[in-house]
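Read the structure below first, then the notes.
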Amino acid sequence: MGKAVAVIGTGQTRHGRRNDVSYPELVREAVKVALIDAGITPKDIEGVVTGTMPSMMEGVSDTHFYFADALCEVGKPVLKVESCGSTGQSIAHCGYYWVASGLADLVLVVGMEKMFEGDGQATMTTVADPWFMKPFSAGAPGVFTMQAMEWMHRFNIPEDQAREAAALISVTHHDSALDNPYAHIKIKVSIEDAKNAPIITYPVRLLDVCPTSDGACAVVLASEEKAKKICKKPAWIKGVGFRGEEFFLGESNKSIWPSATEAAQHAYQQAGIKNPLKELDVAEVYNPFTYQEMIFYECFGFCPRGKSPDYVLKGTFSMAGALPCDPSGGVLCTNPIGASGLIRLAEAARQVTGKAGARQVEGAKLALSHAMGGIDQFNGVTIVGAKL
Amino acid sequence: MRKVAITRFAQSPGAESRENLMDFTYRVSKEVLDKAGLKRSEVGCVMIASSDVFHSGLSCANAVDWDGSGAFMIEGTRTEDSMYAVIYACLRILSGHFDTVLVTSIIKGSENPDNDTLTGFFADPFYMRPLGINETTAAAIQMREYLQRYKITEEQCAKVAVKNLGNALFNPNAHIRKRVTVDDVLKSGTVSDPLKSLECAPKSEGVASVLLAAEDQAKKFTDKPVWIKGFGSSMDHFNLGDRNLLNGQLPVAARRAYQMAGIRNPRKEIDLAELCEPYAFQELLWCEKLGFCGEGEGGKLIDSGATQMNGTLPVNPSGGVLAMNPYVSRGLYRVIEAAMQIRGRAGEHQVDKKVKTALAHGTCGFAGQSHSLVILEG
Numbered sequence: 011m012g013k014a015v016a017v018i019g020t021g022q023t024r025h026g027r028r029n030d031v032s033y034p035e036l037v038r039e040a041v042k043v044a045l046i047d048a049g050i051t052p053k054d055i056e057g058v059v060t061g062t063m064p065s066m067m068e069g070v071s072d073t074h075f076y077f078a079d080a081l082c083e084v085g086k087p088v089l090k091v092e093s094c095g096s097t098g099q100s101i102a103h104c105g106y107y108w109v110a111s112g113l114a115d116l117v118l119v120v121g122m123e124k125m126f127e128g129d130g131q132a133t134m135t136t137v138a139d140p141w142f143m144k145p146f147s148a149g150a151p152g153v154f155t156m157q158a159m160e161w162m163h164r165f166n167i168p169e170d171q172a173r174e175a176a177a178l179i180s181v182t183h184h185d186s187a188l189d190n191p192y193a194h195i196k197i198k199v200s201i202e203d204a205k206n207a208p209i210i211t212y213p214v215r216l217l218d219v220c221p222t223s224d225g226a227c228a229v230v231l232a233s234e235e236k237a238k239k240i241c242k243k244p245a246w247i248k249g250v251g252f253r254g255e256e257f258f259l260g261e262s263n264k265s266i267w268p269s270a271t272e273a274a275q276h277a278y279q280q281a282g283i284k285n286p287l288k289e290l291d292v293a294e295v296y297n298p299f300t301y302q303e304m305i306f307y308e309c310f311g312f313c314p315r316g317k318s319p320d321y322v323l324k325g326t327f328s329m330a331g332a333l334p335c336d337p338s339g340g341v342l343c344t345n346p347i348g349a350s351g352l353i354r355l356a357e358a359a360r361q362v363t364g365k366a367g368a369r370q371v372e373g374a375k376l377a378l379s380h381a382m383g384g385i386d387q388f389n390g391v392t393i394v395g396a397k398l
Numbered sequence: 004m005r006k007v008a009i010t011r012f013a014q015s016p017g018a019e020s021r022e023n024l025m026d027f028t029y030r031v032s033k034e035v036l037d038k039a040g041l042k043r044s045e046v047g048c049v050m051i052a053s054s055d056v057f058h059s060g061l062s063c064a065n066a067v068d069w070d071g072s073g074a075f076m077i078e079g080t081r082t083e084d085s086m087y088a089v090i091y092a093c094l095r096i097l098s099g100h101f102d103t104v105l106v107t108s109i110i111k112g113s114e115n116p117d118n119d120t121l122t123g124f125f126a127d128p129f130y131m132r133p134l135g136i137n138e139t140t141a142a143a144i145q146m147r148e149y150l151q152r153y154k155i156t157e158e159q160c161a162k163v164a165v166k167n168l169g170n171a172l173f174n175p176n177a178h179i180r181k182r183v184t185v186d187d188v189l190k191s192g193t194v195s196d197p198l199k200s201l202e203c204a205p206k207s208e209g210v211a212s213v214l215l216a217a218e219d220q221a222k223k224f225t226d227k228p229v230w231i232k233g234f235g236s237s238m239d240h241f242n243l244g245d246r247n248l249l250n251g252q253l254p255v256a257a258r259r260a261y262q263m264a265g266i267r268n269p270r271k272e273i274d275l276a277e278l279c280e281p282y283a284f285q286e287l288l289w290c291e292k293l294g295f296c297g298e299g300e301g302g303k304l305i306d307s308g309a310t311q312m313n314g315t316l317p318v319n320p321s322g323g324v325l326a327m328n329p330y331v332s333r334g335l336y337r338v339i340e341a342a343m344q345i346r347g348r349a350g351e352h353q354v355d356k357k358v359k360t361a362l363a364h365g366t367c368g369f370a371g372q373s374h375s376l377v378i379l380e381g
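Chains as they are written, first to last, in our numbering: chain X, 11 to 398; chain V, 4 to 381.
Next comes the structure, spelled out in C-alpha cells:
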C-alpha cells in the first residue's frame with residue numbers, strides 16, 4: 011500500500027539553553043546537519059513539513075512563515091502540521107504520506123522549540139479549556155501525576171515498587187544521556203538521588219521530570235527509488251499510527267490509555283509485528299515523566315497491564331535488557347517539545363542503521379518511535395526497520 | 004494515480020454564533036456524515052484545520068477540536084490552514100492508505116481579538132513587529148506598489164469590494180452582505196493607506212467540512228462527485244524587503260496545479276474562480292498571477308465585467324473573503340463554493356454559465372507569502 015518511504019538523513023542541534031542563536035538560526039542548524047547527512051542540497055528538496063508547540067511558547071505564531079528561509083521552503087510546497095506534544099510524530103507522518111503518495115521523492119521534515127524564550131508550563135495551561143480543566147491543571151506535572159496515581163490504583167501496584175522502578179528508569183536514562191552528544195541534561199544520578207529528589211507533584215520528583223530545552227530536529231524522507239540511489243543505509247518506515255481521545259481528561263481511562271494502545275496497534279499491523287517485546291530491538295518512547303513511561307510500556311504491549319514495574323526492575327528495558335528503551339536518554343533528559351517526537355524517530359532511524367555511536371544497541375534491526383501530546387490526549391507511533 | 008473526489012460538504016454561516024466551539028464544530032461535521040450516509044467510525048481519517056492563534060484563546064487547537072470534528076479514536080491530525088488540510092487529505096488518499104478523509108476547518112472569529120492583533124504574531128519580534136507589520140499593513144505596502152507600478156486606480160480596486168459584497172447578497176452564509184457603490188468604498192475610511200475599510204475583510208465565524216473519497220468509494224456518498232484534478236502551493240521569503248510583492252509565489256503554485264490538472268490556458272479552460280482576497284486589490288493581482296489576464300491588467304479585467312457573476316470568468320460569486328473571513332477556514336470555503344457551482348446547486352448565487360472546471364485559492368501570511376490552489380472538475 012503506497013510507496014515505500016525511508017529516512018535517509020537526520021539532524022539535530024545541540025540542546026539546552028541556546029542564547030547563542032536566534033530561533034531561525036537554531037532551526038537552520040538542524041536542517042544543515044540533516045541535508046549533509048542525506049547528501050543532498052536545499053535545491054533537491056521537493057516539499058517541507060514543519061510544526062511546533064503553540065505560538066504562546068515563543069511569542070511567534072505560524073512559524074512556517076518566519077522560518078521560510080531557514081527551512082529551505084522558498085518556492086516549495088509547505089505543510090504545517092501540529093498536534094501539541096505529538097507534533098514531532100505528526101509531521102513525520104505527514105512527510106511519510108507525502109512521499110507514499112508518489113508526489114514527492116524527497117521531503118524535509120523539521121520540528122523545533124525554543125522554550126527558554128517563554129514559559130512552557132504557562133503555555134501548556136492554555137491547552138485546557140478555561141472553565142473546567144484550567145483551574146486545576148497547572149501545567150504538565152499535575153496532569154501526568156494524576157494519571158500515574160490512577161494507574162497505580164487501577165492495577166494495585168504498590169507505591170514503593172513503582173517508586174523504585176521510576177528511580178531505576180531515571181538513573182538508566184541519565185546514564186544513557188551521558189553517551190548522547192546531543193542530550194541536554196548530562197548528570198550522573200543514583201537511585202537514592204532519584205528517590206530523594208524534591209517533590210514536584212506527589213509522587214513525581216524532580217528527577218522523574220523532563221527539562222525544558224531549546225532545540226530542533228530535521229529528518230529527510232525519501233521514496234524507495236531515491237533512497238536506493240543516494241543512501242547506503244536507509245531506515246525504512248514500516249508502520250505509522252496516530253490516535254486521539256476525548257478532550258476532557260476525566261472522560262477517558264488513562265490507566266489503559268486507548269490512544270497510546272491503538273496508535274501502536276495500527277503501526278504494528280502495518281509492520282507485521284505480533285510480539286513487540288520479542289520483535290522490536292529498541293524503542294524510543296516519549297517519556298517526559300518516568301511513571302508515564304511505564305504506562306506506555308504496557309500500552310505498547312511490551313509487558314502485561316500493571317506489570318511494568320516488575321519488568322523495569324528485572325532490567326528488561328535497560329541497555330542490556332531484552333528491549334532497551336530510550337538509549338538516547340529520551341525526553342527525560344532533552345525536551346524541545348516540537349522537536350522531541352521527531353528526535354525519537356531520528357534516534358530510532360540511527361539505531362537501525364548502526365549510526366547511534368556510543369548509545370548504539372548492538373544489531374538493532376527494528377525500532378519503535380513515539381510521541382504523546384495534549385492533556386494526555388494524543389499518541390503517535392512510527393516503526394522503522396533496517397530492511398525494506 | 005488514484006482520483007480524489009469531493010463528495011459531500013457543509014458550512015456554517017459567517018455571522019456570530021451562540022454555540023460553543025465544540026458544538027459549533029460538531030454540527031457541521033455531523034451534517035456532512037449524515038449527507039454521505041457514513042458512520043463516524045467508518046471514516047478513514049479526520050483532518051482538522053485550525054490555528055493556535057485564531058482559536059478563542061486556547062492553545063493546541065487540535066485538542067478541543069478533536070471531539071467535535073469526529074476524530075475520537077480514529078486516525079487524524081491537524082494542519083494550520085484549511086488549504087493545507089485539503090492538500091494533505093489528498094496526499095493521504097493518494098498514498099492508498101485511506102479511502103475517505105473528513106476535512107473540517109474551524110474558527111470562531113467572534114471569540115477572537117481583531118485579526119491583525121493575531122496576524123501581528125506572524126512577525127518576528129526584532130525587525131518587523133516593532134514596525135507594526137501585520138497582514139493589513141503588509142497588504143497596504145503591496146497595494147501602494149501595485150497602484151504605482153501598473154497605474155491601477157483606487158476606483159478599480161474599490162470595484163472588487165462592490166462586486167463581492169453585492170454577490171454576497173445572494174449567499175445566505177455570507178457575513179457581510181450589502182449593496183455598496185465605488186464611492187461608498189472610497190469614502191469608507193482609511194485603514195492603512197491606501198486601504199479603505201470596505202476593502203478589508205471582516206472577522207467571521209466559519210466551520211466548514213468536506214468529505215473526500217477515493218474514486219471507487221465516491222459514488223457511495225454522492226451522485227455528483229466533484230473531482231480534484233490538481234493542486235499546488237508555494238512559499239515565499241519571510242522578510243517583506245526580500246520579496247517582490249507584485250510577483251511572488253502564486254505563479255509557481257499555479258503552475259504546479261495547472262500541470263497536474265493538464266491546464267494549458269487557464270483563461271480559457273477555467274470557468275470560475277473562488278479567490279482568497281482579504282484585501283480588495285489582491286483579487287486583481289491574484290487574477291494576473293493566475294494567468295486570467297496579462298501583467299498589470301487586473302484593473303482592465305474588473306472594468307471589462309468578465310469577473311462579474313454573469314461574466315465570462317466569474318470570480319468570487321460567493322462574495323469571497325471580503326464578505327466573509329473565517330481566517331483558517333477561508334480556503335476551504337472557496338473549495339466548497341467552487342464545488343457547489345460545478346454541481347449547479349449554489350442556489351441564488353449560482354452563476355449563469357455552465358461550470359465544468361473551477362479554481363479555488365487560499366493564501367495566508369503577509370502579502371501572500373503562502374499560496375495554495377486546487378483545481379476542481381465536474
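Glycine included, every Cβ here is placed at the ideal spot set by N, Cα and C.
Using C-beta distances below 6 angstroms, list every residue in its chain close to residue i, excluding the 5 sequence neighbours before and after it, in chain order.
| i | result |
| --- | --- |
| Ser373 (chain V) | Met238, Cys367 |
| Arg215 (chain X) | Ala207, Ile209 |
| Ser233 (chain X) | Lys13, Val109, Asp115 |
| Tyr330 (chain V) | Phe57, Ile110 |
Counting contacts by CB-CB distance shorter than 8 angstroms, is residue i in contact with chain X?
| i | result |
| --- | --- |
| Leu61 (chain V) | yes |
| Ser237 (chain V) | yes |
| Pro128 (chain V) | yes |
| Asn250 (chain V) | no |
| Gln372 (chain V) | yes |
| Thr139 (chain V) | no |
| Arg95 (chain V) | yes |
| Tyr282 (chain V) | no |
Relative to the C-alpha of residue i, which candidate in the options has its C-alpha closest?
| i | options | result |
| --- | --- | --- |
| Thr360 (chain V) | V:Glu208, V:His352, V:Arg346, V:Val210 | V:Arg346 |
| Arg28 (chain X) | X:Asp79, X:His184, X:Met122 | X:Met122 |
| Cys335 (chain V) | V:Leu362, V:Gln353, V:Gly314, V:Thr315 | With the sequence shown as reference, residue 335 (chain V) is identified as Leu, and Cys is not the correct amino acid for it. For Leu335 (chain V), the nearest C-alpha among the options comes from V:Leu362. |
| Asn247 (chain V) | X:Val84, X:Ala172, X:Leu178, X:Glu255 | X:Val84 |
| Ile273 (chain V) | V:Gly314, V:Lys162, V:Ser98 | V:Gly314 |
| Lys90 (chain X) | V:Ala52, V:Ala143, V:Phe101 | V:Ala52 |
| Pro168 (chain X) | X:Ser111, X:Val391, X:Phe312, X:Gly316 | X:Gly316 |
Does the beta carbon of residue i come closer than 8 angstroms to any beta carbon on chain V?
| i | result |
| --- | --- |
| Thr23 (chain X) | no |
| Gly85 (chain X) | yes |
| Arg27 (chain X) | no |
| Glu123 (chain X) | no |
| His103 (chain X) | yes |
| Asp79 (chain X) | yes |
| Thr155 (chain X) | no |
| Glu256 (chain X) | yes |
| Thr111 (chain X) | Position check: residue 111 (chain X) holds Ser in this sequence, whereas Thr was assumed. Cβ-Cβ to chain V under 8 angstroms: yes for Ser111 (chain X). |
| Thr136 (chain X) | yes |
| Lys375 (chain X) | no |
| Ser71 (chain X) | yes |
Would you mind telling me which residues of chain A sit closer than 8 angstroms to residue i, beta carbon to beta carbon, in chain order?
| i | result |
| --- | --- |
| Pro151 (chain X) | Given the protein chain composition of this structure (X and V), no chain A is represented. |
Excluding five sequence neighbours on each side, which residues of the same chain lie with their C-beta closer than 8 angstroms to the C-beta of residue i?
| i | result |
| --- | --- |
| Arg259 (chain V) | Gly233, Phe234, Gly235, Ser236, Ser237 |
| Val354 (chain V) | Leu275, Met312, Asn313, Pro317, Pro320, Gln344 |
| Lys86 (chain X) | Ile55, Glu56, Gly57, Val58 |
In chain order, what residues of the same chain have a beta carbon less than 7 angstroms from the beta carbon of residue i, not counting five sequence neighbours either side?
| i | result |
| --- | --- |
| Gly69 (chain X) | Glu127, Gly128 |
Mind the definition here: the stretch 272-290 of chain V touches the stretch 135-149 of chain V only if three or more C-beta pairs lie below 8 angstroms; say whether that holds.
In short, these stretches touch, since the Cβ pair count reaches three.
Near-chain X residues of the stretch 68-79 of chain V - C-beta to any C-beta below 7 angstroms
Those residues of the stretch 68-79 of chain V placed with their C-beta closer than 7 angstroms to a C-beta in chain X are Trp69, Asp70, Ala74, Phe75, Met76, Glu78, Gly79, ordered along the chain.
Which residues, in order along the stretch 102-122 of chain V, keep a beta-carbon less than 9 angstroms from a beta-carbon of chain X?
Listed by position along the chain: Leu121, Thr122.
Between the stretch 250-258 of chain X and the stretch 271-290 of chain X, can you find at least three pairs of beta-carbon atoms closer than 8 angstroms?
Contact holds: three or more Cβ-Cβ distances are below 8 angstroms.
Inspect the CB distances between the stretch 178-198 of chain X and the stretch 322-338 of chain X and report whether three or more fall short of 8 angstroms.
Yes, since at least three Cβ pairs between the stretch 178-198 of chain X and the stretch 322-338 of chain X fall closer than 8 angstroms, the two stretches touch.
Evaluate contact between the stretch 63-81 of chain V and the stretch 381-390 of chain X, counting only Cβ atoms and requiring at least three cross-stretch pairs below 8 angstroms.
By the C-beta criterion, the stretch 63-81 of chain V is judged to be in contact with the stretch 381-390 of chain X, since at least 3 inter-stretch pairs fall below 8 angstroms.
Could you run through the stretch 7-41 of chain V and flag, in chain order, every residue whose CB is less than 8 angstroms away from some CB of chain X?
Across the stretch 7-41 of chain V, CB contacts with chain X closer than 8 angstroms involve Met25, in sequence order along the chain.
Would you call the stretch 158-167 of chain X and the stretch 292-310 of chain X touching, i.e. three or more CB-CB distances under 8 angstroms?
Yes, the stretch 158-167 of chain X is in contact with the stretch 292-310 of chain X.
May I ask you to verify whether the stretch 174-186 of chain V touches the stretch 354-367 of chain X, counting CB pairs closer than 8 angstroms and requiring at least 3?
No: fewer than three Cβ pairs fall under 8 angstroms.
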